[in-house]
Amino acid sequence: MPVPPGQTHLAAPGGPERWRTVGATHHVLGVLHNVTSATRLLDLLSVFEGDTRIQVHFTCTGSSAFDGGMREFIAAREMPCVPWDEACELKFDLAVSSSRGGELQNISAPLICAPHGAGYNKKLSREPGAGSREPGAGSREPGAGSREPGAFGLTDEWLVHDGRLIPSAVVLSHDEQRERLRDGCPGAVPFATVVGDPCADQLRASAPFRDAYRAALGVHPGQKLLVLTSTWGRRSLLGQGGDTVRRALAELPQDEYRVVAAVHPNAWHGHGGWQVHTWLAPFVRAGLVLPVPETDTWKAALVAADAFIGDHGSVTLYGVALGLPGLLGAFDDGVVAVGSPMDLLGGLLPRVTAGRPLAGQLAEAAATQPGDERLAEVGGLVTSRPMRSMALLRGLFYEHLGLPEPADPAVVRPVAIPRRPHDRRRDPAPPPVFVTARFEEHDGGTATVTVRRYPAAVQGAEAGHLPDPHLVAAEGEPDTRWLHTADVVLARPDATGRPTGERAGPLFDRYPGCGAVAFPEPTDGGPAGSAGPTGDCGLVLRDGRELTARWRDPQWWTTPQTAAAAAHACLARFGPSWQGEITVRTGDHLAPAVLTLAAVRRG
Numbered sequence: 131m132p133v134p135p136g137q138t139h140l141a142a143p144g145g146p147e148r149w150r151t152v153g154a155t156h157h158v159l160g161v162l163h164n165v166t167s168a169t170r171l172l173d174l175l176s177v178f179e180g181d182t183r184i185q186v187h188f189t190c191t192g193s194s195a196f197d198g199g200m201r202e203f204i205a206a207r208e209m210p211c212v213p214w215d216e217a218c219e220l221k222f223d224l225a226v227s228s229s230r231g232g233e234l235q236n237i238s239a240p241l242i243c244a245p246h247g248a249g250y251n252k253k254l255s256r257e258p259g260a261g262s263r264e265p266g267a268g269s270r271e272p273g274a275g276s277r278e279p280g281a282f283g284l285t286d287e288w289l290v291h292d293g294r295l296i297p298s299a300v301v302l303s304h305d306e307q308r309e310r311l312r313d314g315c316p317g318a319v320p321f322a323t324v325v326g327d328p329c330a331d332q333l334r335a336s337a338p339f340r341d342a343y344r345a346a347l348g349v350h351p352g353q354k355l356l357v358l359t360s361t362w363g364r365r366s367l368l369g370q371g372g373d374t375v376r377r378a379l380a381e382l383p384q385d386e387y388r389v390v391a392a393v394h395p396n397a398w399h400g401h402g403g404w405q406v407h408t409w410l411a412p413f414v415r416a417g418l419v420l421p422v423p424e425t426d427t428w429k430a431a432l433v434a435a436d437a438f439i440g441d442h443g444s445v446t447l448y449g450v451a452l453g454l455p456g457l458l459g460a461f462d463d464g465v466v467a468v469g470s471p472m473d474l475l476g477g478l479l480p481r482v483t484a485g486r487p488l489a490g491q492l493a494e495a496a497a498t499q500p501g502d503e504r505l506a507e508v509g510g511l512v513t514s515r516p517m518r519s520m521a522l523l524r525g526l527f528y529e530h531l532g533l534p535e536p537a538d539p540a541v542v543r544p545v546a547i548p549r550r551p552h553d554r555r556r557d558p559a560p561p562p563v564f565v566t567a568r569f570e571e572h573d574g575g576t577a578t579v580t581v582r583r584y585p586a587a588v589q590g591a592e593a594g595h596l597p598d599p600h601l602v603a604a605e606g607e608p609d610t611r612w613l614h615t616a617d618v619v620l621a622r623p624d625a626t627g628r629p630t631g632e633r634a635g636p637l638f639d640r641y642p643g644c645g646a647v648a649f650p651e652p653t654d655g656g657p658a659g660s661a662g663p664t665g666d667c668g669l670v671l672r673d674g675r676e677l678t679a680r681w682r683d684p685q686w687w688t689t690p691q692t693a694a695a696a697a698h699a700c701l702a703r704f705g706p707s708w709q710g711e712i713t714v715r716t717g718d719h720l721a722p723a724v725l726t727l728a729a730v731r732r733g
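To convert, count from 1 in the sequence shown and add 130; that's the numbering used here.
Quick look at the structure:
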């Protein structure tokens, strides 16, 4: 339990008045289940901001199999908590829950129940073997047997105890849910209120700030942002379609794409954050952005995204509601409620296909999905009260509290700018990359080369998708197989000032397949061998010739590694004695730079 007995905070109902600073008159209980529902609950309770009449308290049911991370979540936010048993004995003016788990009938307060995702899309039963994915939830209605479970949160199994409706109000996000509620729990229909979806509204309110989110996530002008979203369970993107994560890093050029993974809190805390980081560490080294799930970074990423690959989780549905093109990397029909928006979406979005280039599948989605009326219709099922959820929720809460609402309007606020989740681990040398080169020769003797870099370590069996690549690896690379097969070795900085030709000799001896050694040029005034801001480098070829590769109009991608890769491609294309200028691109929508390759003349 996140809150041990005896740690009830001083402001709890019935506590001594003399210890209080603010004289709140009404007490609201926020019911926590796990991190997933807790994040949504805090969104709902934000309608009480600024109202000193209201003291909010929290308790945890202890009924979730995924209660890992709750202690840390509560402590990080300094949430005033009451142990569950004590919370059930105290009198509150209102209770709010974004989950149906636990013995909610024991709470002594009017209870408002809301969904913790994009509506009611999962089927879940308390009966083992009847679709239950979360054991230990207890029994609500005896005799339910092994009948097919309905949508979690819309059936009498979750809403009724001993013939009595548990919640005083059932929050719906769309009118279509009222009919499904009528099928699953007819007695709850008079107590249902459609308020819309706070998360969908926040995403919509954040759209004007898309460029700010992209910058915070490390997305450069001309790059595309791909969001990989995984719910929990063996048939989720991370569980069943885990190779999609690898393929995204392996097949999409690293200069053209930024890839963010949004992992469900149940997957994260069910296995442990350390374990998830460890499993995905090779992909993080290859450029994957992996924010912790209890922040709103996934929301910022979705608003900033150009496309997504998802599964049967709510983030997929939110992506469709935003009009993003997307693919399904996994989908578990067995846990999706029949007739729900997610059920409809599973029949519309294309699946990621093995054996077809992922970039092509994403391009096809981007070309065909915008304007698709069927997808737009499903996206519209997320909310039937767009941008009104905060006002409607506040009205509902204050009605049950018997209080007049504050004079200021209840507004939907945009997502906060992420706190630099894009920072990668600072390896002392860049990871090895495969590089492809495509040349275009123009009238007047000029040419353009488009070089695309792909992380080598994640290629796996898919390396065949790269047409005639060459390999660039850095001196000191711990996985020496890349150095032994590298076409170009990027030498590490050297403060001794030794001539590059002298330093290159041992590297050529050590790596016989290497045709060139690149030496990052020093920053003006900096130590010898340190990389300069323009990304220039010197090159020593195996036959002893020395060249310089220098950038004009440098861009964010003009690194020594890119200079060496482009120079190697030019020498392979035009001959080993070639010198001159060439326009270099690293993507169709990225700004170009000019690279000058010139021989070094000694004496």
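Positions of the beta carbon are idealized from the N, C-alpha and C atoms, including for glycine.
When the Cα atoms are used, what is the spatial distance from residue i to residue j?
i      : j      : result
Leu488 : Leu637 : 36 Å
Val301 : Gly369 : 31 Å
Ser366 : Pro240 : 36 Å
Ala587 : Leu356 : 20 Å
Ser707 : Asp598 : 22 Å
Asp538 : Gly477 : 43 Å
Val618 : Gly485 : 30 Å
Ser194 : Ala696 : 54 Å
Gly352 : Gly180 : 41 Å
Glu535 : Gly525 : 7 Å
Ala380 : Pro585 : 6 Å
Arg388 : Thr716 : 14 Å
Leu174 : Trp428 : 18 Å
Arg732 : Phe704 : 24 Å
Val602 : Ala699 : 11 Å
Pro471 : Asp327 : 14 Å
Leu432 : Val565 : 29 Å
Phe438 : Ser336 : 18 Å
Ala521 : Cys667 : 59 Å
Ala451 : Val512 : 7 Å
Gly459 : Val714 : 34 Å
Val419 : Leu410 : 10 Å
Pro548 : Ala281 : 33 Å
Ala621 : Ala728 : 19 Å
Sort the options by Cα distance to residue i and report the nearest one.
i      : options                           : result
Glu605 : Ala648, Pro544 and Val588         : Ala648
Pro320 : Ala299, Glu306 and Ala335         : Ala299
Glu208 : Trp214, Met200 and Ala318         : Met200
Thr576 : Val512, Pro585, Val724 and Ala154 : Val724
Arg150 : Ala603, Thr182 and Arg515         : Thr182
Leu596 : Val602, Glu607, Ile184 and Arg583 : Arg583
Pro560 : Pro421, Gly247, Pro690 and Thr359 : Pro690
Ala702 : Ala646, Ile439, Cys329 and Asp683 : Ala646
Gln563 : Phe527, Ser444 and Asp609         : The amino acid occupying residue 563 in the given sequence is Val; Gln does not appear at that position. Of Phe527, Ser444 and Asp609, the residue nearest in Cα terms is Asp609.
Asp718 : His304, Asp673, Cys644 and Val579 : Val579
Arg640 : Trp612, Ala729, Cys667 and Thr626 : Trp612
Val75  : Arg415, Thr408, Thr446 and Val393 : Missing from the structure shown is residue 75; the chain here goes from 131 to 733 and no further.
Ser227 : Pro213, Gln405 and Ile237         : Ile237
Glu607 : Gly453, Leu671 and Asp557         : Asp557
Asn164 : Gly232, Glu147 and Gly153         : Gly232
Gly198 : Val545, Ala397 and Thr408         : Ala397
Gln307 : Leu505, Ala244 and Pro297         : Ala244
Gly469 : Asp313, Ala225, Ala346 and Ile204 : Asp313
What does DSSP give as the partner residue(s) for residue i in the beta ladder?
i      : result
Ser360 : Val393
Leu241 : Ala225
Leu159 : His187 and Ala225
Glu570 : Thr578
Cys667 : Pro650 and Ala679
Gly710 : Leu727
Arg294 : His291
Cys734 : The requested residue 734 does not occur in the structure, where the chain is confined to residues 131 to 733.
Pro585 : Val563
Ala625 : Its beta-bridge partners do not exist; DSSP assigns none.
His600 : Val565
Tyr387 : Lys354
Whole-angstrom Cβ separation of residue i and residue j, contact assumed at under 8 Å?
i      : j      : result
Thr189 : Cys211 : 6 Å
Pro623 : Pro650 : 7 Å
Arg376 : Gly590 : 6 Å
Trp686 : His350 : 5 Å
Met517 : Asp305 : With 8 Å as the limit, Met517 and Asp305 do not qualify as a contact, their Cβ atoms being about 16 Å apart.
Beta strand (DSSP E) runs wholly inside the stretch 400 to 487, at least 3 long, in chain order: You should have 437 to 440 and 456 to 458.
Alpha helix (DSSP H) segments (min. 4 residues) lying fully within the stretch 488 to 527: Within the stretch 488 to 527, the complete alpha helix (DSSP H) runs of at least 4 residues fall at 488 to 498 and 503 to 509.
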